[in-house]
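Counting in the UniProt record's numbering, the final residue of the sequence shown is number 309, and the numbers go up one at a time with none missing.
Cβ atoms here follow ideal geometry from the backbone N, Cα and C, with glycine treated the same way.
Please read these numbers as outputs of a predicted model, since none were measured by experiment.
Working notes for the structure below.
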Amino acid sequence: MTEPTFSAQIGAAATLTEARLARALAAAPLAGERLRPERLLDAMRHGSLAGGKRLRPFLVIETAGLFAVAPDAAATAAAAIECVHCYSLIHDDLPAIDNDLLRRGRPTVHAAFDEATAILAGNALLTLAFDLLASPEAHPDAEVRIALVRTLARAAGVGGMVGGQMLDLAAEGRFAAGAPLALALSEIRDLQAMKTGALLAAGVEMGALLGRAEPEAHDALAAYGRAIGAAFQIADDILDLEGSAEAMGKAVGKDAGAGKATIVAALGRQAAGELLAALVDAAETALAPFGPRAAVLAEAARFVAARRN
1 MTEPTFSAQI
11 GAAATLTEAR
21 LARALAAAPL
31 AGERLRPERL
41 LDAMRHGSLA
51 GGKRLRPFLV
61 IETAGLFAVA
71 PDAAATAAAA
81 IECVHCYSLI
91 HDDLPAIDND
101 LLRRGRPTVH
111 AAFDEATAIL
121 AGNALLTLAF
131 DLLASPEAHP
141 DAEVRIALVR
151 TLARAAGVGG
161 MVGGQMLDLA
171 AEGRFAAGAP
181 LALALSEIRD
191 LQAMKTGALL
201 AAGVEMGALL
211 GRAEPEAHDA
221 LAAYGRAIGA
231 AFQIADDILD
241 LEGSAEAMGK
251 AVGKDAGAGK
261 ATIVAALGRQ
271 AAGELLAALV
281 DAAETALAPF
291 GPRAAVLAEA
301 ARFVAARRN
């Protein structure tokens, strides 16, 4: 699979997701809503329609495609997971957490609006995600919709992304004596699997659910999702160390300054790079049962490792 083909696929998924998000964030109130405050909608749009790779929606759409699910049929679930991702970025950027002023090359939501509006915009995007998944547009079968809701909720909640963020803050020494904690490698991997890996793996899982994957196929895709999630975070840690703010569209070099627990800090740059390569190999191996049909997903694993932003 060549890079232009992969680029075309992820670009198509991004376009489809953007359109579905824009429709979900229209000004007209839905049934059961009284009105939609303009400032809140503007902040939600600022935080979710600002571009980005749309990797998580791509994983939903491409995985579902393995089972002949059309991209349009997967778009609502793809938009739902992107809502959760964008909410997490809005809240991560807040002064109480990372205190960032730049995201995707633009002012963060709290910088462009204000802190209270940013909190509410994140809250609203999170709840919108489950509104989308509860709709028959996500899938005609209510049992599949329930499974989608459960998968995304668990990946995003106390045992997933939010729990991982809490562990990350604790590792920085936010709640102890103010000094970063020395975590074992296994603890860092748990933290990263929750904070970053869980939502990426959920994208693959949601695609498998949309396609009603058989257990063996489901297990293979779960292994792929875990590998790509771990690879993404290591690549992100390397980019924070070696990347530029211009390419990243956000501040870099903050992990070391904050004493963050990362694989790079624990193993060193060379060993972390070797682990990253091994995770890409593991992701590709997990896709072997699908043969050439999974070539774009295999390319996605390589993209995650080699990305520059």
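Residue interval of the alpha helix (DSSP H) (run including residue i)
{"i": "H85", "result": "71-92"}
{"i": "M166", "result": "161-171"}
{"i": "G65", "result": "55-65"}
{"i": "V280", "result": "269-286"}
{"i": "A179", "result": "Premise fails: A179 is in no alpha helix (DSSP H) and is neither H nor E."}
{"i": "E38", "result": "38-48"}
{"i": "I146", "result": "142-156"}
{"i": "E215", "result": "At residue 215 the sequence reads Pro, which differs from the Glu that was named. It spans 215-242 - the alpha helix (DSSP H) in which P215 sits, taken as one unbroken run."}
{"i": "I119", "result": "115-134"}
{"i": "F303", "result": "295-306"}
{"i": "R174", "result": "Taken as a continuous stretch (DSSP letters only), R174 belongs to no alpha helix (DSSP H), as it is neither H nor E."}
Nearest to residue i (by Cα), restricted to the options the options
{"i": "G122", "options": "A73, G47, I146", "result": "G47"}
{"i": "R23", "options": "D240, L66, N309, A75", "result": "A75"}
{"i": "D236", "options": "A306, A8, V204", "result": "A306"}
{"i": "E143", "options": "A124, Y87, D168, G211", "result": "G211"}
{"i": "V296", "options": "P95, E18, Y224, P180", "result": "Y224"}
{"i": "F67", "options": "A184, L209, V109, L125", "result": "L209"}
{"i": "residue 318", "options": "S186, L185, A171", "result": "Look at the range of the chain in this structure, 1 to 309, and you will see that residue 318 is not part of it."}
{"i": "R145", "options": "G291, E205, L276", "result": "E205"}
{"i": "T17", "options": "A112, E274, A301, F58", "result": "F58"}
{"i": "G52", "options": "A27, V69, R106", "result": "R106"}
Simplified DSSP assignment, three categories, for residue i
{"i": "M248", "result": "With a pLDDT of 49 at M248, under the threshold of 50, the modelled position of that residue is not reliable, and the figure given next carries that caveat. Three-state DSSP puts M248 in a helix."}
{"i": "L102", "result": "strand"}
{"i": "P107", "result": "strand"}
{"i": "T17", "result": "helix"}
{"i": "P29", "result": "coil"}
{"i": "G203", "result": "helix"}
{"i": "A12", "result": "helix"}
{"i": "E3", "result": "Low per-residue confidence applies at E3: pLDDT is 48, beneath 50, and the placement is therefore not dependable, though the value from the model is reported in the following sentence. Helix, per DSSP."}
{"i": "I263", "result": "helix"}
{"i": "P289", "result": "helix"}
Whole-angstrom C-beta distance between residue j and residue i, which should lie under 8 Å
{"i": "G229", "j": "T196", "result": "6 Å"}
{"i": "I81", "j": "A202", "result": "7 Å"}
{"i": "H139", "j": "L148", "result": "7 Å"}
{"i": "V60", "j": "L199", "result": "Their Cβ separation, rounded to whole angstroms, is 11 Å, which puts V60 and L199 out of contact at 8 Å."}
{"i": "L30", "j": "L41", "result": "The Cβ separation is near 13 Å, so there is no contact."}
{"i": "L181", "j": "I234", "result": "20 Å between Cβ atoms; not a contact."}
{"i": "residue 311", "j": "A79", "result": "What the structure shows of the chain is the stretch from 1 to 309, and residue 311 is not part of that stretch, so it cannot be assessed."}
Environment of residue i [buried if 16+ CB atoms lie within 10 Å]
{"i": "A288", "result": "exposed"}
{"i": "T117", "result": "buried"}
{"i": "D114", "result": "exposed"}
{"i": "D72", "result": "exposed"}
{"i": "F232", "result": "buried"}
{"i": "V304", "result": "buried"}
{"i": "Q192", "result": "buried"}
{"i": "F6", "result": "buried"}
{"i": "A13", "result": "buried"}
{"i": "I188", "result": "buried"}
{"i": "residue 327", "result": "Any question about residue 327 goes unanswered here, given that the chain covers just 1 to 309."}
{"i": "F175", "result": "exposed"}
{"i": "A271", "result": "exposed"}
{"i": "V264", "result": "buried"}
{"i": "G207", "result": "buried"}
{"i": "I97", "result": "exposed"}
{"i": "D281", "result": "exposed"}
{"i": "P215", "result": "exposed"}
{"i": "V158", "result": "exposed"}
{"i": "S186", "result": "exposed"}
{"i": "G65", "result": "buried"}
{"i": "T63", "result": "buried"}
Residue i beta carbon near the ligand SAM (any heavy atom closer than 7 Å)
{"i": "D92", "result": "Among the ligands in the structure shown, none appear at all, so the ligand SAM cannot be discussed."}
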